[in-house]
Structure formats: C-alpha cells, structure tokens
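Undergrad:
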Amino acid sequence: MDPATLAAAAVSFVAPYLLSLGKEAAKSAAGESGKSVWAWIKGKLSSEAGEEATKDAEAAPKEPENMQALQAALTKALKADPDAAKALEEMLQKHGAPMSSQTMNIVGDGNIGGQADRQSSVTINVDRPPPSRS
Numbered sequence: 347m348d349p350a351t352l353a354a355a356a357v358s359f360v361a362p363y364l365l366s367l368g369k370e371a372a373k374s375a376a377g378e379s380g381k382s383v384w385a386w387i388k389g390k391l392s393s394e395a396g397e398e399a400t401k402d403a404e405a406a407p408k409e410p411e412n413m414q415a416l417q418a419a420l421t422k423a424l425k426a427d428p429d430a431a432k433a434l435e436e437m438l439q440k441h442g443a444p445m446s447s448q449t450m451n452i453v454g455d456g457n458i459g460g461q462a463d464r465q466s467s468v469t470i471n472v473d474r475p476p477p478s479r480s
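According to the numbering used here, the residues represented by the sequence shown are 347 to 480, in order.
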C-alpha cells in the first residue's frame with residue numbers, strides 16, 4: 347500500500363481514540379487498539395515536525411488542519427522507511443482497520459457521482475431531462 351493511503355488509514359483509525367482520550371470509551375477494546383496504533387505512530391514521528399503534529403492532534407483532534415498535518419508527517423516518515431510502512435500496515439490489519447481509500451473529483455455542472463466499497467453498491471436514479479443545447 348502506498349504511504350499516503352496507509353497514513354490516511356492510520357490517522358482515520360486513531361482519530362476516535364484521540365477524540366476519546368480520558369473518556370470511558372478509551373478503555374474499550376477499540377480504545378486499546380487505537381492506543382496501541384497511536385503509541386506506534388508517536389514513536390515513529392520523533393522529528394520536531396512529527397512531535398508538533400502529534401501534540402497538536404492530541405490537543406485538538408477535531409481540528410482538520412491538525413489531522414492533515416499528522417497525516418502529512420506520517421506519510422513522509424513512511425516514505426522514508428518502507429519497513430515501518432509494512433509494519434504499520436500489518437498492525438492496522440491486525441486491529442481490523444479499514445484499508446481502502448476512495449477519491450472522487452468532479453468538475454462541471456449537473457454531474458452525479460457515486461462510490462461503493464467492498465460488498466456495497468450504489469444506485470443512482472435520475473429523472474430529469476437532459477440539458478438543452480442551443
């Protein structure tokens with residue numbers, strides 16, 4: 347898995363743990379998995395920028411820019427260390443983290459898009475006349 351996708355999966359996986367730090371939910375099995383992955387991430391992000399990203403993510407995990415900075419720092423670290431990327435991927439799989447990522451870029455007017463993952467499906471029904479061309 348490429349480092350950017352892996353970092354996104356890891357950040358998505360630990361986000362609920364960060365949001366529940368100090369709360370009862372952090373004591374559950376899911377909280378323990380999040381705690382384990384978070385400890386691993388913090389250990390890998392030991393540079394000044396990495397430490398800042400982890401501190402900001404812990405302090406304010408609801409702020410999108412903090413999670414984006416964390417993901418960027420983790421992506422950079424994983425690109426520099428393929429063995430760490432493999433270890434993180436194995437850890438996420440062990441803990442049952444979703445390992446897929448989807449992106450859709452739509453440009454223009456009147457577009458309709460849908461995405462499905464794994465065994466899901468998307469049905470789009472459109473009942474409108476096509477745009478007139480003059």
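Even glycine gets a Cβ: it sits at the ideal position worked out from N, Cα and C.
Bear in mind that the values here come from a model prediction, so they are computed numbers and not experimental data.
Report the start-end ranges of each alpha helix (DSSP H) in the region 385-443 that is 4 residues or longer and not cut off at the edges.
TA: Counting whole runs of 4 or more residues, the region 385-443 contains the alpha helix (DSSP H) stretches 394-405, 410-426 and 428-440.
Undergrad: Which of the three DSSP states is assigned to G380 in this structure?
TA: Within the sequence shown, the letter at position 34 stands for residue 380. Helix.
Undergrad: Below 8 Å between beta carbons: does that hold for L364 and E404?
TA: Taking the sequence shown and counting its residues from 1, one reaches residue 364 at position 18. Taking the sequence shown and counting its residues from 1, one reaches residue 404 at position 58. Yes, the Cβ-Cβ distance between L364 and E404 is below 8 Å.
Undergrad: Answer yes if the region 424-439 comes into contact with the region 393-410, meaning at least three C-beta pairs across the two stretches below 8 Å, and no otherwise.
TA: Judged by Cβ distances under 8 Å, the region 393-410 makes no contact with the region 424-439, as fewer than three pairs qualify.
Undergrad: What's the gap between the Cα of A354 and the Cα of G377?
TA: On the sequence shown, position 8 is the one that residue 354 refers to. On the sequence shown, position 31 is the one that residue 377 refers to. Their backbone Cα atoms lie some 18 Å apart in a straight line.
Undergrad: For V360, which three-state DSSP category applies?
TA: On the sequence shown, residue 360 is found 14 positions in, with the first residue counted as 1. Of the three classes helix, strand and coil, the one that applies to V360 here is helix, per DSSP.
Undergrad: I387: buried (16+ other C-beta within 10 angstroms of its C-beta) or exposed?
TA: On the sequence shown, residue 387 is found 41 positions in, with the first residue counted as 1. Label assigned to I387: buried.
Undergrad: Between A350 and T421, how many whole angstroms is the CB-CB distance? I'm expecting something under 8 Å.
TA: In the sequence shown, counting from the first residue as 1, residue 350 sits at position 4. In the sequence shown, counting from the first residue as 1, residue 421 sits at position 75. Right, their Cβ atoms sit about 5 Å apart.
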